[in-house]
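Numbering (our numbering), first residue to last: 51 to 246. Even glycine gets a Cβ: it sits at the ideal position worked out from N, Cα and C.
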Amino acid sequence: MPEPSTAESAASSPQPTSPSRWIDIGAPIVRKYGTLCIDEAIHGLSWLPFSPTTSSRLGFFDKTAIKTLIVGFKLPQVTHLAARVTVPPLFSYQDEIAVFGVEARYANGTCRIYAADTGADVIVLGDRFTPNPEWNVPLTKESPMELSYLPELPAGWDWGDLGETLICPCDDAHEIELDGRCPVGHVSPLRAMGLV
Numbered sequence: 051m052p053e054p055s056t057a058e059s060a061a062s063s064p065q066p067t068s069p070s071r072w073i074d075i076g077a078p079i080v081r082k083y084g085t086l087c088i089d090e091a092i093h094g095l096s097w098l099p100f101s102p103t104t105s106s107r108l109g110f111f112d113k114t115a116i117k118t119l120i121v122g123f124k125l126p127q128v129t130h131l132a133a134r135v136t137v138p139p140l141f142s143y144q145d146e147i148a149v150f151g152v153e154a155r156y157a158n159g160t161c162r163i164y165a166a167d168t169g170a171d172v173i174v175l176g177d178r179f180t181p182n183p184e185w186n187v188p189l190t191k192e193s194p195m196e197l198s199y200l201p202e203l204p205a206g207w208d209w210g211d212l213g214e215t216l217i218c219p220c221d222d223a224h225e226i227e228l229d230g231r232c233p234v235g236h237v238s239p240l241r242a243m244g245l246v
């Protein structure tokens with residue numbers, strides 16, 4: 051497994067950009083393209099605060115890859131996104147890949163996840179967790195600052211615990227997945243918003 055770089059970025063976000071931990075599943079890509087190329091792509095990421103309008107500034111492939119990562123890993127409270135940086139092939143037998151990132155907030159800190167979009171798969175390359183002892187408290191819906199990134203829902207809809215589910219407007223107030231449908235037939239409004 052390659053050793054992580056210790057270089058820090060001068061980006062506006064307070065976190066360093068290099069992974070502090072490389073993930074085994076991404077090791078073949080890191081070996082194939084080289085730690086320096088992958089690390090250079092990670093340093094080139096431009097981080098955007100996550101909001102419903104952020105996705106309108108991203109291309110289709112960026113949206114698809116980022117959604118795959120967020121949904122696949124059930125990332126809580128996404129705070130920043132980084133659109134793709136292309137890693138050109140070093141040799142003719144290599145394919146071009148793109149590196150992108152997602153930053154998620156947890157109860158005790160933030161985690162940046164770096165992944166590669168190979169065109170066929172989204173593969174996690176590494177991550178960097180930055181603890182914050184001040185956040186070491188349970189997050190609840192009653193903490194509006196923590197949930198301020200969530201989009202406004204239509205009348206009757208509500209967010210479930212920590213924004214991971216939706217409560218539909220029916221009399222039974224069914225809790226559904228973010229891209230789901232309740233037994234009565236209400237469809238997640240996030241679909242119409244283009245967020246899932």
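Within a 10 Å sphere around the beta-carbon of Phe100 sit 16 or more other beta-carbons, which makes this residue buried.
Per DSSP, reduced to three states, the secondary structure at Phe179 is strand.
In terms of Cα proximity to Ala132, the closest of Glu146, Tyr156, Gly122 and Lys117 is Lys117. Between Thr215 and Glu202, the gap from beta carbon to beta carbon reaches 7 Å or more.
Cβ neighbours of Pro239 within its own chain (closer than 7 Å, five residues either side excluded): Leu203, Pro204 and Trp207. The DSSP-derived three-state label of Ala242 is helix. Listed in chain order, the alpha helix (DSSP H) elements of length 4 or more contained wholly in the segment 74-121 are 77-83 and 85-93. When beta bridges are read from the DSSP output, His224 appears opposite no residue. Close CB contacts of Ala223 within its chain, under the 7 Å cut and outside five residues either way in sequence, are with Ile217 (chain order). Following the DSSP letters along the chain, one finds Leu131 inside the beta strand (DSSP E) bounded by residues Val128 to Val137. Membership of Val152 in the beta strand (DSSP E) is indicated by the continuous run Ile147 to Tyr156. Gly159 has Tyr156 and Pro181 as its beta-bridge partners, per DSSP. Residue pairing by DSSP puts Trp209 in a beta bridge opposite Leu216. Remark: C-beta atoms of Ile92 and Val149 approach each other more closely than 7 Å. As DSSP reads the structure, Asp171 sits in no beta bridge.
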